[in-house]
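Peer 1: This is the structure, below, for whatever I ask next.
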Amino acid sequence: MSRSVSIEITDGLINHLVLNTKKIGDCIEWQLGRDSDGYGRISVGGGRNKRVHRVAAMIFIGIVTDSDHVLHTCDNVICVNPAHLFLGNHNENMKDRSRKGRVRSHVVPKESSAKIAKEYRLKPKSMSDNSFARKWALVMGVSPRTILRIVGISY
0 MSRSVSIEIT DGLINHLVLN TKKIGDCIEW QLGRDSDGYG RISVGGGRNK
50 RVHRVAAMIF IGIVTDSDHV LHTCDNVICV NPAHLFLGNH NENMKDRSRK
100 GRVRSHVVPK ESSAKIAKEY RLKPKSMSDN SFARKWALVM GVSPRTILRI
150 VGISY
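Those letters in the sequence shown? Residues 0 to 154, by numbering that gives the first Met the number 0.
Here is the structure:
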């Protein structure tokens with residue numbers, strides 16, 4: 000049995016969520032921090048951060064368990080519009096992702112890997128490994144973690 004995610008829904012948390020969004024088209028987009036996958040992040044107290052669309056679902060939809068996935072009908076990972084969020088399980092999330100063409104490959108062609116590794120060696124000192132990985136991940140359509148593996152950095 001899955002347990003519900005325990006965060007305290009306070010007026011302050013709700014205000015923080017609402018005050019840091021912007022209506023763009025039909026979506027209500029989070030305007031603050033994001034994680035390496037592009038999802039919005041929000042502090043929920045106690046030094047913990049959660050994906051903002053999951054917190055929005057907890058506030059506006061109700062109980063969200065650890066095994067629940069919060070999916071977007073709009074396919075916009077920073078959208079917190081309750082009308083665009085729905086709960087599903089892992090399999091439903093994978094089917095939804097495939098149906099929308101968002102399946103990321105974890106394979107980078109050999110010649111591209113060599114180019115990425117060469118550019119990494121030449122990257123400016125001011126550019127962090129994470130910003131380098133995010134840049135190339137967007138270009139190659141893979142995850143930042145894949146890029147970090149190519150350049151020899153593992154978690």
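Each residue gets a CB set at the ideal place from its N, CA and C atoms; glycine is no exception.
Please state the DSSP three-state secondary structure of Ser42.
Peer 2: strand
Peer 1: DSSP puts Gly37 in a beta bridge; with which residues?
Peer 2: Bridge partners of Gly37: none, in fact.
Peer 1: How many Å lie between Ile58 and Asp67 at the Cα?
Peer 2: 15 Å
Peer 1: Going along the chain, which unbroken runs of the alpha helix (DSSP H) with 4 or more residues stay wholly within the segment 13-82?
Peer 2: If only uninterrupted alpha helix (DSSP H) runs of at least 4 residues are considered, those enclosed by the segment 13-82 are 51-59.
Peer 1: Quick one: residues in its chain with C-beta nearer than 6 Å to the C-beta of Lys122, no 5 flanking neighbours on either side, listed in chain order?
Peer 2: Taken in chain order, the residues that qualify are Phe131.
Peer 1: Between which two residues does the beta strand (DSSP E) containing Gly87 stretch?
Peer 2: Leu84 to Gly87
Peer 1: By alpha-carbon positions, which one of Val79, Asn129 and Arg148 ends up nearest to Val17?
Peer 2: Val79
Peer 1: Rounded to whole angstroms, what's the CA-CA distance from Ser42 to Asn19? Just pull it up for me.
Peer 2: 12 Å
Peer 1: What span of residues does the alpha helix (DSSP H) with Thr145 cover, start to end?
Peer 2: Pro143 to Ile149
Peer 1: Tell me whether Gly11 sits in a helix, a strand or coil according to DSSP, three-state version.
Peer 2: Three-state DSSP puts Gly11 in a helix.
Peer 1: So, with DSSP's three-state summary, where would you put Lys114?
Peer 2: Lys114: helix per DSSP, three-state reduction.
Peer 1: Quick one: grab the DSSP three-state call for Lys134.
Peer 2: Here Lys134 carries a helix assignment [DSSP, helix/strand/coil].
Peer 1: With 16 other CB atoms within 10 Å as the buried threshold, where does Ala56 fall?
Peer 2: buried
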